[in-house]
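Reviewing the structure listed below.
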Amino acid sequence: MTVKRLLVMSGKGGTGKTTVVASFAALADRPVMADCDVDAPDLHLVLDPDLVSSHIYHGLKVAQVDHELCTLCGTCVSTCRFDAISEDVHVDAIGCEGCGACVLVCPEIAITMAERVTGEVYSSTTRFGPMAHARLRAGEEASGKLVMEVRKLADDMAKETGRTLEIIDGPPGIGCPAISALSGVDALLIVAEPTLSGRQGMERVVGLAQHFNIPAMAVVNRSDLNQVEATTIEQWCRGQDVRVMDRLPYDDAATDAMIAGTTVVEHGEGPLAKALRTLWNDVCVALDNYCQEVKG
Amino acid sequence: MRIAVASGKGGTGKTTVALGLAMVAEAVTLVDCDVEEPDDHIFLGGRGDLVEEVTIPVVRVDETACTLCGECARVCAYGAIAVLKDQVMVVDEMCHGCGACGIVCPVDAIFEERRRIGEVWLRERGGIHLYTGFLDVGQPLATPIITRLKALVGREGLLIYDSPPGTACPVVETVRDADHCILVTEPTPFGLFDLTMAVDMIRELDVPFDVVVNRDRDDFPDMDDYLRAEGIQVLMRIPDSMEIARLYSRGVHFVEEMPEWRERFSDLLVKVIGGGVR
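Heads up: the protein sequence lines correspond to chains W and X, in order.
Okay, so the first sequence: first residue is 53 according to our numbering, each after it adds one.
Okay, so the second sequence: first residue is 66 according to our numbering, each after it adds one.
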C-alpha cells in the first residue's frame with residue numbers, strides 16, 4: 053500500500069495551519085497525524101493525544117573541555133568557525149554546532165564531543181488515529197533533524213497500522229525545518245492570509261515547493277479581512293500553477309473551538325466548519341490526482 | 066540599547082510591536098532577523114538598497130590530489146560529504162563550513178569556496194534604519210544571515226531586533242545578546258502554550274523580558290492566570306480589532322493612522338528603555 057503524504061504550510065506564522073490540519077484529522081478516513089512544528093507545536097492542544105511512548109532525541113553533539121588536560125594553547129579557539137570557544141577555553145553550548153573541529157586540532161586530547169538532548173519525540177494516539185509529535189529543547193540546534201525524526205515516526209505508524217494517509221502540520225518559514233518537513237511529501241497545501249505580509253510569505257513557500265518540485269495548493273484563510281488581497285493572492289497562485297482552493301471565511305469559531313480544546317468541524321456547523329469540509333473534499337481529490345500522476 | 070521582540074507562536078504580532086516601537090523612536094536601527102519570512106519592509110515602503118550578499122564557506126575537493134581515503138566523510142558531523150568509487154560528493158546545503166574535513170585530509174585536497182545563501186538590504190525612512198535579511202529560497206541555514214546582520218549593524222544606539230517565530234537556533238541567535246526582550250502573545254491556547262516554550266528559552270538565556278498581549282479578548286483567562294503565577298509583567302495590551310487587522314492587511318501600521326497608539330507605543334518604549342542596558 054502506498055502512503056499519501058499531505059503537508060500543510062504557510063510561510064508566515066499564525067495563518068491557521070494547525071486549525072486546518074486539526075479539522076482535516078477529524079474529517080479524514082483513518083489518517084496518521086504528524087506535528088512538524090517542533091519549536092511551537094500546538095496540534096496536541098486540540099487532538100488531545102494519549103502518550104504511548106516517547107524517546108529522547110540526540111541531534112548534534114557539543115564540545116566538552118577537560119580543564120585538567122587543557123593548557124590554554126588556544127588552538128581550538130582559533131579553529132572554531134562559530135566563535136563558540138572563549139579565550140579561556142570555555143565552550144558556549146548555544147554557539148557550538150557540534151562539528152568536532154576543535155577535537156581534531158587539540159594537541160592535548162582535552163576535548164571530547166558529548167551527547168546533547170535536542171528534544172523529545174512522542175508517539176501518541178488520538179480519537180482520529182496515531183499522532184507523531186515532538187518538542188524541541190529550548191534554543192536547540194537541529195530542529196530540522198528533529199522534524200525528520202517525527203516524519204520517520206509517522207511513516208512507521210502508517211506502516212504498523214496499515215493506514216495510507218499522513219496529514220503533516222508544517223513549521224513556519226522556509227529554512228531548515230521547513231525543508232525537512234517538505235521532503236518526500238506528495239502535495240503541499242499552503243494556508244495564506246490575505247495581507248501583504250501573508251502574500252509575501254506565501255510566495256516564498258511556493259518558491260520552495262517549486263525548488264523541490266512538489267505540487268502545491270493554496271487556500272486563503274480569514275478571507276473577509278481583505279477580499280482584494282485575497283483575489284490578488286489567488287491570481288498570483290494561478291500564474292504559478294498553484295491550485296487555488298475555495299476561500300475560508302473569517303469566523304470566531306476558529307478561536308472558540310481552540311479554547312474548547314476541539315476541532316472546528318467538531319465544534320459546530322458554522323461558516324468555517326462548512327468551508328473546511330468542502331476544502332477537505334477538494335484536497336482529497338487533488339491529492340489522489342497528484343499521486344496518480346506520479347505513478348502514471 | 067538592544068531590544069528583541071520574539072513570540073514563540075508565529076503571527077502573534079512581533080512585527081506590529083517591533084515596528085510600533087521603531088516608528089515612535091527618534092532614531093533607531095530596526096533589524097528584521099526573521100530572514101525566512103521578513104516583513105517589516107512591507108510597512109516602510111520596500112526593502113530599500115542591497116547592502117551585500119551573505120555567503121558562507123563551502124567545501125570543495127581537488128580531485129587531482131584526492132586519494133578517496135574517506136577521512137573527510139568520516140569526520141563530517143552533518144553528513145555533507147559522500148566518498149564514492151571515483152569521486153567525492155559534497156552536498157552544499159548540508160555543509161556548515163566548519164573546516165573539520167580540511168583538518169583531517171592527509172593530502173591537502175580540500176579547499177573552500179564562498180557560497181551565497183541570502184542578502185541584506187537597507188531601507189531608510191524617517192529616523193528608521195531598517196536592515197532586512199533575506200534567506201534565499203531553498204537554503205536551509207538561516208542563522209548565519211542573522212549573525213551577519215548583527216555584525217553589520219553594530220551595537221551603538223537604539224537597536225530593535227524583530228525575531229523569527231519559535232524557540233530554535235535562529236531565535237536564540239537573535240535574542241541572546243539583547244538587553245531586553247518583549248514576548249508578544251495572544252490569549253488563545255496556542256498562544257499560551259508557545260509562550261511557555263518561549264519563556265523557558267528566554268529564562269535559559271537569562272535575558273530580562275516581559276510580555277505584550279495582542280488581539281486581547283476576555284474569553285481565555287488562562288493566559289492572565291499563567292502570567293500572574295509566573296510573575297510576568299504585561300507591558301501593553303492591544304485589543305482584538307478588525308480596524309487594526311484591516312490596516313495591517315494593507316501594509317499600514319496602526320500607529321500611523323491612530324494617534325492614540327503613537328502615545329501608547331512611546332510609553333512602551335520609555336518603559337523598556339527604563340529597564341536599562343545589561
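The beta carbon of each residue, even a glycine, is placed where N, CA and C say it ideally should be.
Bear in mind the structure is a predicted one, so any value in this text is a computation, not a measurement.
Own chain, CB closer than 7 Å to residue i, minus 5 neighbours either side, in chain order
i, result
"W/THR127", "VAL157, CYS158, PRO159"
"W/ILE108", "VAL169, GLU172"
"X/GLU322", "LEU312"
"X/PRO209", "VAL119, ILE121, ILE182"
"W/CYS154", "ALA115, CYS128, THR131, CYS132, ILE137, ILE163"
Burial state of residue i, where buried means 16 or more other Cβ atoms lie within 10 Å
i, result
"W/VAL335", "buried"
"X/ALA7", "What the structure shows of chain X is the stretch from 66 to 343, and residue 7 of chain X is not part of that stretch, so it cannot be assessed."
"X/PHE176", "exposed"
"X/GLY144", "exposed"
"X/ILE107", "buried"
"W/GLN232", "Note that residue 232 of chain W is Ser in the sequence shown, not Gln. By the 10 Å Cβ count, W/SER232 comes out buried."
"W/VAL141", "buried"
"X/LEU224", "buried"
"W/ASN333", "exposed"
"W/THR314", "buried"
"W/GLU167", "exposed"
"W/SER56", "Residue identity differs from the one stated: residue 56 of chain W is Lys in this sequence, not Ser. By the neighbour-count rule (16 or more Cβ atoms within 10 Å), W/LYS56 is buried."
"W/ASN278", "buried"
"W/LYS69", "buried"
"W/MET85", "buried"
Beta-carbon spacing of residue i, residue j below 7 Å
i, j, result
"X/PRO122", "X/GLY78", "no"
"W/VAL258", "W/ALA268", "yes"
"X/ARG181", "X/GLU101", "no"
"W/GLY227", "X/ALA207", "yes"
"W/ALA184", "W/LEU205", "yes"
"X/VAL89", "X/PHE319", "no"
"X/ARG125", "X/GLU178", "yes"
"X/ILE68", "X/VAL278", "no"
"X/TYR226", "X/CYS98", "yes"
"W/TYR342", "W/ASP207", "no"
"W/GLY65", "X/GLY183", "no"
"X/VAL236", "X/PRO229", "yes"
"X/GLU128", "X/VAL169", "no"
"W/ALA190", "X/ASP265", "yes"
Boundaries (first-last residue) of the beta strand (DSSP E) holding residue i
i, result
"X/THR120", "114-126"
"X/PHE199", "193-200"
"X/PHE176", "175-190"
"W/HIS107", "102-110"
"X/GLY222", "Segment: none, X/GLY222 is in no beta strand (DSSP E) and carries neither H nor E."
"X/VAL153", "153-155"
"W/ALA184", "181-188"
"W/GLY291", "No beta strand (DSSP E) contains W/GLY291, which is instead part of the alpha helix (DSSP H) from 279-291."
"X/THR94", "93-97"
Distance cut-off 6 Å: residue i Cβ against heavy atoms of the ligand ZN
i, result
"X/GLY111", "Within the structure as shown, the ligand ZN is missing, as the structure has no ligands at all."
Short CB-CB distance (under 7 Å) between residue i and chain W
i, result
"X/LYS336", "no"
"X/PRO230", "yes"
"X/CYS163", "yes"
"X/VAL237", "yes"
"X/VAL299", "no"
"X/SER306", "no"
Residue i, enclosing alpha helix (DSSP H) - first and last residue
i, result
"X/ARG302", "Unbroken run through X/ARG302 is the beta strand (DSSP E), 299-304; no alpha helix (DSSP H)."
"W/GLY196", "195-213"
"X/PHE258", "254-270"
"X/GLY339", "324-339"
Minimum Cβ-Cβ distance from residue i to chain X less than 7 Å
i, result
"W/LEU103", "no"
"W/HIS319", "no"
"W/ARG133", "yes"
"W/LEU241", "no"
"W/LEU300", "no"
"W/MET200", "no"
Proximal residues to residue i (C-beta, below 8 Å), its chain only, five neighbours per side dropped
i, result
"W/GLU193", "GLY111, LEU112, GLU149, GLY150, THR170"
Neighbourhood of residue i by C-beta, 6 Å cutoff - its chain only, sequence neighbours within 5 removed
i, result
"X/LEU187", "GLY113, ASP114, VAL116, TYR196"
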